[in-house]
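Numbering of the sequence shown is given in our numbering, commencing with residue 1 and proceeding in unit increments.
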Amino acid sequence: MERQQQGGMNLKPAAFIFDMDGVIIDSEPIHSRVKMDTFHHFGLPFEEADLIHYMGRTSNETFGEVIAKEGRHDLQVENLVRYKHEHYLEVLQSGTIEPIEGAVELIRHLYDEGIPLALATSSWERVMDTVLDAFKIRPYFQSVLSGSTLPKSKPDPAIYLLSAERLGVAPKDCFVLEDTAAGVLAAKRAGMHCIGFRSPHSGAQDLSLADTIVNHLSEVPV
1 MERQQQGGMN LKPAAFIFDM DGVIIDSEPI HSRVKMDTFH HFGLPFEEAD
51 LIHYMGRTSN ETFGEVIAKE GRHDLQVENL VRYKHEHYLE VLQSGTIEPI
101 EGAVELIRHL YDEGIPLALA TSSWERVMDT VLDAFKIRPY FQSVLSGSTL
151 PKSKPDPAIY LLSAERLGVA PKDCFVLEDT AAGVLAAKRA GMHCIGFRSP
201 HSGAQDLSLA DTIVNHLSEV PV
């Protein structure tokens with residue numbers, strides 16, 4: 001049974017670590033859009049409704065499977081992945097993307113309270129940098145870390161342990177805000193207090209290992 005936030009419980013962590021996709025930016029609809037644009041660009045028939053079957057899978061796996069299914073020996077997976085990544089950056093830089101409701105306000109509030117902040121995302125570095133600059137939130141973070149620079153990704157706890165080390169805070173004194181089962185597991189493996197966020201488009205994620213679960217960022221108990 002999932003643990004829900006208990007009213008009136010407000011805690012002040014020694015440090016706070018944010019995931020990015022699904023927490024600061026509602027990235028899943030953007031990924032869906034650019035994947036469909038990529039299929040169209042390379043002449044691959046694909047129904048948008050079928051994207052749900054590929055949630056949580058890498059672009060390499062998704063495009064590789066569709067290329068094989070269509071027998072398109074003229075296409076290389078890496079070319080589709082490169083196009084998708086570049087197009088994704090173009091969309092992020094277009095100025096039309098808004099942060100998740102309450103995300104920037106929460107970041108500013110914690111910063112104003114003097115709580116050290118870190119960003120720990122599985123997204124590759126260029127995407128992370130683009131989001132930080134697009135939403136003008138880079139100055140609030142003492143540490144920003146892309147999982148693409150580490151040997152293992154979530155649910156491995158390395159990205160959270162390294163973030164705590166950079167902040168100079170013991171893992172047990174860190175709070176983490178996550179929207180996926182893999183992210184929650186990574187935070188708990190790191191020995192941190194985890195807040196699970198029911199993000200609008202992150203799918204039916206199992207957040208039961210989280211210490212607290214919220215449906216809106218205004219409910220985060222800090």
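Quick reminder that beta carbons are idealized off the backbone N, C-alpha and C, glycines included.
Verify whether the separation of the beta carbon atoms of residue i and residue j is less than 8 angstroms.
i	j	result
Leu-106	Leu-207	no
Val-66	Phe-46	yes
Leu-232	Pro-155	Residue 232 cannot be examined here, being either before or after the span of the chain that is shown, 1 to 222.
Ile-17	Cys-174	yes
Arg-138	Leu-89	no
Glu-61	Leu-44	no
Val-222	Leu-51	no
I'd like the list of long-range same chain contacts for residue i, defined as Cβ closer than 8 angstroms, with 5 residues on each side in sequence excluded.
i	result
Met-1	Residue placement at Met-1 cannot be trusted, given a pLDDT of 42 that sits under 50; what the coordinates show is reported in the next sentence. Ser-208, listed in sequence order.
Val-91	Ile-30, Arg-33, Val-34 and Ile-97
Arg-108	Tyr-140
Below 8 angstroms on the Cβ atoms is my contact criterion, and I expect residue i with residue j to pass it. Report the Cβ-Cβ distance as a whole number of Å.
i	j	result
His-193	Asp-211	5 angstroms
Ala-187	Tyr-160	6 angstroms
Do you know how far the Cα of residue j is from the Cα of residue i?
i	j	result
Val-214	Ser-27	19 angstroms
Gln-5	Asp-37	Note that Gln-5 scores 47 on pLDDT, short of 50, meaning its location in the model is unreliable and no value can be drawn from it.
Gly-7	Asp-74	Here Gly-7 scores only 42 on pLDDT, less than 50, and its place in the model is too uncertain to base an answer on.
Lys-35	Lys-84	6 angstroms
Arg-189	Pro-157	6 angstroms
Phe-197	Asp-112	22 angstroms
Val-104	Arg-72	44 angstroms
Glu-101	His-87	24 angstroms
Arg-57	Pro-200	19 angstroms
Ser-94	Asp-21	18 angstroms
Ser-163	Ser-59	26 angstroms
Phe-63	His-41	13 angstroms
Can you list, in chain order, the residues of its chain whose CB lies under 7 angstroms from that of residue i, leaving out five sequence neighbours each side?
i	result
Pro-116	Ala-15, Gln-142, Leu-167 and Val-169
Leu-80	Thr-38, Phe-42 and Phe-63
What does a CB cutoff of less than 6 angstroms around residue i pick up in its chain, not counting 5 residues either side in sequence?
i	result
Lys-172	Gly-191
With contact counted as at least three CB pairs below 8 angstroms, one residue from each stretch, are the region 191 to 210 and the region 119 to 137 in contact?
no
Is the number of C-beta pairs between the region 114 to 127 and the region 142 to 161 that are closer than 8 angstroms three or more?
yes
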